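Working notes, structure below.
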Amino acid sequence: MYKSVINKDIVNKNIMNQNIINVRIYSDKKILNPVLSADEKAVLKVEAELEDGSLAAAADLKVEFLCRTKHSSGKAEVLKVDAAGIVTPLNGGTASIEARVTYGGKTYLSDELMFVVRPFYREYHQTLTMKMFMGMEGWIENSKDLTVVQTFQSALDTIKKIDCLTRGIPKIIYLVGWQEGGHDHMYPSWFEVNHLLRREEDETALQSLKWLINEAEKYNTSVSLHINMNDAYEDSPYFQTYLDNDLLARNKDGSLLTFDFWKDRPMYCVSPTLEWEKGFAKKRIDQFCDMFPELLKSHTIHIDNWVVKSHHDGGPLSPYHNVTIEQDEEVQRKLFHYWRSKGFDVTSEGADHGRTDPKIGLQPMTWWGLKFDPMEIPASLYCGGRVDRHDGDPRFGDSMHGEDIFLRNFGKPDILEGFTDEFCSNTLMWYYLNRLERLRLENDVVYYSEGVVAGCKDGRVLIKKGDMVLRNGDILFVPVLWKEQREIMAYSRRTVHITNALPEEWSDVESVDVFGITQTGVEPLTKGIRVKDGRVELPLQAGRAVVIIPVQ
Numbered sequence: 001m002y003k004s005v006i007n008k009d010i011v012n013k014n015i016m017n018q019n020i021i022n023v024r025i026y027s028d029k030k031i032l033n034p035v036l037s038a039d040e041k042a043v044l045k046v047e048a049e050l051e052d053g054s055l056a057a058a059a060d061l062k063v064e065f066l067c068r069t070k071h072s073s074g075k076a077e078v079l080k081v082d083a084a085g086i087v088t089p090l091n092g093g094t095a096s097i098e099a100r101v102t103y104g105g106k107t108y109l110s111d112e113l114m115f116v117v118r119p120f121y122r123e124y125h126q127t128l129t130m131k132m133f134m135g136m137e138g139w140i141e142n143s144k145d146l147t148v149v150q151t152f153q154s155a156l157d158t159i160k161k162i163d164c165l166t167r168g169i170p171k172i173i174y175l176v177g178w179q180e181g182g183h184d185h186m187y188p189s190w191f192e193v194n195h196l197l198r199r200e201e202d203e204t205a206l207q208s209l210k211w212l213i214n215e216a217e218k219y220n221t222s223v224s225l226h227i228n229m230n231d232a233y234e235d236s237p238y239f240q241t242y243l244d245n246d247l248l249a250r251n252k253d254g255s256l257l258t259f260d261f262w263k264d265r266p267m268y269c270v271s272p273t274l275e276w277e278k279g280f281a282k283k284r285i286d287q288f289c290d291m292f293p294e295l296l297k298s299h300t301i302h303i304d305n306w307v308v309k310s311h312h313d314g315g316p317l318s319p320y321h322n323v324t325i326e327q328d329e330e331v332q333r334k335l336f337h338y339w340r341s342k343g344f345d346v347t348s349e350g351a352d353h354g355r356t357d358p359k360i361g362l363q364p365m366t367w368w369g370l371k372f373d374p375m376e377i378p379a380s381l382y383c384g385g386r387v388d389r390h391d392g393d394p395r396f397g398d399s400m401h402g403e404d405i406f407l408r409n410f411g412k413p414d415i416l417e418g419f420t421d422e423f424c425s426n427t428l429m430w431y432y433l434n435r436l437e438r439l440r441l442e443n444d445v446v447y448y449s450e451g452v453v454a455g456c457k458d459g460r461v462l463i464k465k466g467d468m469v470l471r472n473g474d475i476l477f478v479p480v481l482w483k484e485q486r487e488i489m490a491y492s493r494r495t496v497h498i499t500n501a502l503p504e505e506w507s508d509v510e511s512v513d514v515f516g517i518t519q520t521g522v523e524p525l526t527k528g529i530r531v532k533d534g535r536v537e538l539p540l541q542a543g544r545a546v547v548i549i550p551v552q
């Protein structure tokens, strides 16, 4: 009998003579949030595949990691990675990491692995974020009286109805015109609550506002406030203080910069740099947070028209003080960080409106004009809002504002007329797509993770997941993924009869019930529709949203 002897040195030498054909880099997570988890880290793993299909021994590899910031505000570094492959988030934005592997005297590179650092308290890409207009003096032409659109009591009534229409989707509502005088009044003060919005049972309007903030939570809604850090009006109780301390922006000749005239009043401008350097910005924010501690539960604030460039010529706000646009941009970054230190994300009216820097990684959501390449900036890092007043790019989805609906219906019996159409035609699909990773764009078709494909066919938007058609033109059939129990919302702008595949997760479902969605809940429409070969057939009435629920 012969005993075979394997010479390990020869085997190792043969292996080392092979070339690496593929270097793969993995991470246990690719989205990091250092705000919600202060010690958030990611761990990298590298594999090197040899010509014979085996993996090179880790001990034979010399691995270096190359980290590159892709998108951030002010060129801030997004990540750092140590020699052991431990990834630490530094600032908000996107970054890539490559592995450079040396093996057998040769060097190989992996593909880029993309990371997102989103240092935010809230998930805006998974939240219906709206504004609710409360009132304003002079809103009705030739009238100086304050027009009340909603009181704090009626606002809660509206919030309850919205919660029913949206099946309890997470919501943020910023109140516009909550202060004395209503919208665009009293700035730079943020501390006078509109007395006409008070509930009868409360002594002060402030008590009523705090009541609304607390009550709205019961309806999956965080109520916060719409404020302004730029504007200053002569009738504000803070105007003289800001004038005396030379905090207002001035033209080259020393005259006060006037952005515009608002309801026959000059709209002056606070200099971001002067207010910050003299300590008044922190003082104003601190006083605001002390006055409204209930707002901290929402972890969000909306700063309207937050600019660092003149409305007139796009130049610096305060050339008289020799303050540059770059200085104001840097101060704005500091203000984002200061608000965050107080427990607040800051959303704003625009991304690049009146700025040179859209504040990627600092601002999570913009009300208007998200002009980034959506294949480069994920919705989890920066989202709208609306791209425009139409439906944006339906391959990526667009949300709704809500505010225009409340204003359009002012004085009508139903302040929510048209709400269901906007929600179903926009936010419903937007929410679903925002959960997914955008893998590639080919021939105008967007390919998402989980097998979702979004494009157009015969001039209609067509979004599918396998055999299930999520959107076909104006017909929507979308799983309600913010609820624990299984549901599908379906909607059409025209009366149709549809047959559609159910999600794979519904393979055990034999029949479904269909309910109409109303402002007070749901009402039964059709019971016990049989599922045949994983498909369901049902009629949709024009403009009526329904929810499909498995029969237990």
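First residue of the sequence shown? That's 1 in full-length UniProt numbering, and the numbers climb one at a time after it. Note that the Cβ used here is the ideal one computed from N, Cα and C, for glycine as well. These numbers come from a predicted model, not from an experiment.
Query	Result
Cutoff 8 angstroms; reference VAL11; Cβ partners in own chain excluding five residues on either side	Summary for VAL11: the model assigns pLDDT 41, below 50, so the residue's position carries little reliability, and this model does not support an answer.
Selected residue, minimal CA-CA separation from LYS527, among LEU206, ASP513 and GLU215	ASP513
Cutoff 7 angstroms; reference HIS497; Cβ partners in own chain excluding five residues on either side	PRO539
Candidates MET468, SER222 and TRP482, of which the one nearest ASN434 by Cα	TRP482
Contact belief for MET291 with TYR233 at Cβ below 8 angstroms, rounded distance in angstroms	About 20 angstroms separates the two Cβ atoms, so there is no contact after all.
MET132, DSSP secondary structure in three states	strand
Alpha-carbon spacing of VAL101 relative to PHE372, whole angstroms	34 angstroms
Cα-Cα separation, SER492 to ALA545	8 angstroms
Sequence-distant residues of the same chain with beta carbon closer than 7 angstroms to TYR242, five excluded per side	PRO188, ALA232, LEU248 and VAL270
Top-ranked residue by Cα proximity to GLN485, from ALA57, ASN33, GLY168 and LEU79	GLY168
GLN240 burial status per 10 Å Cβ neighbour count (16 or more: buried)	exposed
CA nearest to the CA of ILE21, picked from LEU55, VAL35, ASP28 and ASN33	LEU55
Cβ neighbour criterion (16 or more within 10 Å) applied to LEU225	buried
Distance between LEU175 and PHE133 (C-alpha atoms, nearest Å)	6 angstroms
Inter-stretch contact (C-beta, 8 angstroms, three-pair minimum) for the region 204-221 and the region 148-158	yes
Nearest to LEU407 (by Cα), restricted to the options MET130, PRO237 and GLY451	MET130
Inside the region 230-288 only - alpha helix (DSSP H) runs reaching at least 4 residues	239-244 and 272-277
DSSP state of GLU450 mapped onto helix, strand, coil	helix
Beta-carbon gap between residue 575 and VAL87 smaller than 7 angstroms	Residue 575 falls outside the range modelled here, since the chain spans only 1 to 552, and no answer is possible.
Residue(s) in a DSSP beta bridge with ALA501	ARG535
Beta-ladder partner(s) of MET489, from DSSP	VAL478 and VAL547
Contact set for ARG460: own chain, Cβ-Cβ below 7 angstroms, skip 5 residues either direction	ASN472 and GLY473
Exposure label - MET375; buried when at least 16 CB within 10 Å	exposed
Buried versus exposed call for GLY135 [16 or more other C-beta atoms within 10 Å across all chains shown]	buried
Environment of residue 554 [buried if 16+ CB atoms lie within 10 Å]	Outside the displayed span of the chain (1 to 552) sits residue 554, for which this structure offers no information.
Straight-line Cα distance separating LEU362 from ASN500	41 angstroms
Residues that DSSP places opposite ILE529 in a beta bridge	VAL512
Exposure label - ILE502; buried when at least 16 CB within 10 Å	A quick correction: the sequence has Leu, not Ile, at residue 502. Classification for LEU502: buried.
When TRP190, GLY104, VAL35 and TYR448 are compared against ILE50, the one with the closest alpha-carbon	Per the sequence shown, the amino acid found at residue 50 is Leu instead of Ile. Checked all of TRP190, GLY104, VAL35 and TYR448; the closest Cα to LEU50 is GLY104.
Sub-7 angstroms separation of SER73 and ARG355 beta-carbons	no
Between the CA atoms of THR94 and LYS3 - distance to the nearest angstrom	Note that LYS3 scores a pLDDT of 38, beneath 50, so its modelled location is shaky; the value from the coordinates is reported in the next line. If I take the Cα positions, the gap works out to 58 angstroms.
Opposing strand residues paired with CYS67 [DSSP bridges]	ILE97
Other residues of its chain near GLN327: CB distance less than 8 angstroms, five sequence neighbours each side excluded	THR273
Contact belief for LEU156 with GLU215 at Cβ below 8 angstroms, rounded distance in angstroms	5 angstroms
Alpha carbon of PRO89 to alpha carbon of LYS70, nearest angstrom	14 angstroms
Alpha-carbon spacing of ALA542 relative to ASP467, whole angstroms	24 angstroms
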